[in-house]
Amino acid sequence: MADAGKDTLHFMMGVQTAMFQEMMFAGYEMLDRARTETHLFAEFASKLAEAHSVGDYRAMWKDCSRHQLEFMRRDCERHLRHGEKVIETASRLFGGRPLA
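Per this note's numbering, the sequence shown starts with residue 241, numbered consecutively.
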């Protein structure tokens, strides 16, 4: 009976820890994404102000599109790494090993 209570306590503490980590991750991700989007918009606005011809606009569009695609690639990679971490945490939690 004592072992069942101990296992339940470890499980509940692990769930609480995992939920706290997820909340921290979500907050950090929102802040990071807002900061990156603000930076990209400021860069776009400055390039737009510098452009004076059709060629300049074309170059600006090409450069800004490349930066946006790079941001999306990094964002997707970050989400995939996070998904792997969540799966690892869940498997440790349900596998009976306490979270570190």
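By construction, the Cβ of each residue, glycine as well, lies at the ideal position given by its N, Cα and C atoms.
Just so you know, these numbers come straight off a predicted model, no measurement behind them.
Endpoints, alpha helix (DSSP H) assigned at residue i
| i | result |
| --- | --- |
| Ala330 | 294–334 |
| Ala285 | 242–290 |
Close Cβ partners of residue i (< 7 Å) along its chain, the five nearest in sequence each way excluded
| i | result |
| --- | --- |
| Phe311 | Thr276, Leu280 |
| Phe265 | His322 |
Beta-carbon spacing of residue i, residue j below 8 Å
| i | j | result |
| --- | --- | --- |
| Lys325 | Cys304 | no |
| Leu320 | Ala258 | no |
| Glu269 | His307 | no |
6 Å Cβ shell around residue i - same chain, five flanking residues per side excluded
| i | result |
| --- | --- |
| Ala291 | Tyr297, Met300 |
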